[in-house]
Each structure stands twice: as C-alpha cells, then as structure tokens.
Amino acid sequence: MHIAEGVLSVPVLVTGTLLSIGGIALGLKKLDYERIPQVALLSATFFVASLIHIPLGFASVHLVLNGLVGLLLGWTAFPALWIALLLQAVFFGFGGLTVLGVNAVNMALPAVICFYLLNYPIRHASKDRIAFIYGFILGIISIALTTFMVAMSLLATGETFLRLVQLMVIAHFPVMIIEGIISGTVIVFLRQVRPEILVVAIGQAEATRA
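Under this note's numbering, the first residue of the sequence shown carries the number 463, and numbering increases by one thereafter.
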C-alpha cells in the first residue's frame, strides 16, 4: 500500500502533504501526555505489521492494521502512522520522503473514519460475538478505504495506472478478510483483558460533533 517515489504528480504530492500536515497538527492537539506510550506502541505495531508481506500469486500484499490504530487513537493516528511510515521510508525504502504525506493520508484518514464509524458500537457491544463482528467490519472497511485512496492517488496522476489499480484491488480482497479476523480477535481480547483501552478519546468524537 506504499506508493513509491517518482510515481505521483506534483499536485497530488502537494495535496497529500498539506492534508497530512493538517491531520498531524490536529492529532497532536488531541494527544494527552499520558497516552504517549500507547501511541508509540500502536505506531510500532503498524510498523511491524506492514513489514509482513503475504505472497498472492502475481504479487504480494502486507498487513496494515490502520483500522485498529484508528479505533484506539482517533485523530492521534495521524502522527502515529506518519512516524511509522517515515521510519519505513528511511530504513527500508518503503514509499519515500516526498510521497510520505500522501501515504500518511491514505492510511491515517481511513483510520480516523473507522474511529467515528465503529468506536461507539464496539464500546457498547453487549456480547463478545457482536464486538467481533464489528471488529471484522472494521478490518474490511479500513483496507477498503485505504485501497480506494491509494487508487485515487494513482488515478489522479494518470490513467496509465488503471491496470495496476485493478490488480491492487483484487490482491487486497484476501487482506480485508485477514485484517477483519485479526481486528475482531484483538477487540474481543481487549474487551476481556483491558476494556478501558477501548474507551479511547471519548471526547474526540464528542468534541468534533460539538
């Protein structure tokens, strides 16, 4: 899901950079000092998860887990994912520095959307089975939105990427299922062991609505 250097047009790069700056600024504004260790842990989780590549015939895909990050961090997912992407670009050459803003938006914005869509129903699920279903939906939505945004970034640069986009969408259908299972399992585990973690940033959604 990382877009490489030299692929996107300048307008797309500038737009992504500006949007990422806005998202990071808002995320830092909502970051409480006592939650910094949690943010660092989830940033590291994303960093490691996206290094795990799954071969799928003609291509390979990797886990993202941005839905879980968004569920637990809200807007703070922007700085958390940006830092992880920066480290991946510097140490492993995934993505790149000029495209960092676009990659951050493509992964962090779906994370924030998942927070607003599913944080409340997951926290108020009456049974673990229902929480798992919501978590499964979380994993599917996060990958679907991320795939869509990556596709739009490529198509906004040129229609020459249409075939690549089609292959990318097909390749990520299995990832949606895998992320759904992982997300649902993690959410049920947290409900049983540390349910207070799911009560993240309750004020984030309420403050934004107000």
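Beta carbons: idealized from backbone N, C-alpha and C, even for Gly.
All values derive from a computational prediction rather than experimental measurement.
Residue 538 versus residue 494 - alpha carbon distance: 10 Å
Coarse secondary structure for residue 523, derived from DSSP in three states: strand
As assigned by DSSP and simplified to three states, the class of residue 482: helix
For residue 463 and residue 526, believed in contact at Cβ under 8 Å, the rounded distance: 6 Å
Chain-order list of residues whose beta-carbon lies under 6 Å from that of residue 478 (same chain, five-residue window excluded): 563, 564 and 567
Burial state of residue 587 (16 or more Cβ within 10 Å): buried
Residue burial classification, residue 599 (beta-carbon count within 10 angstroms, cutoff 16): buried
Whole-angstrom distance between residue 497 and residue 491, CA atom to CA atom: 13 Å
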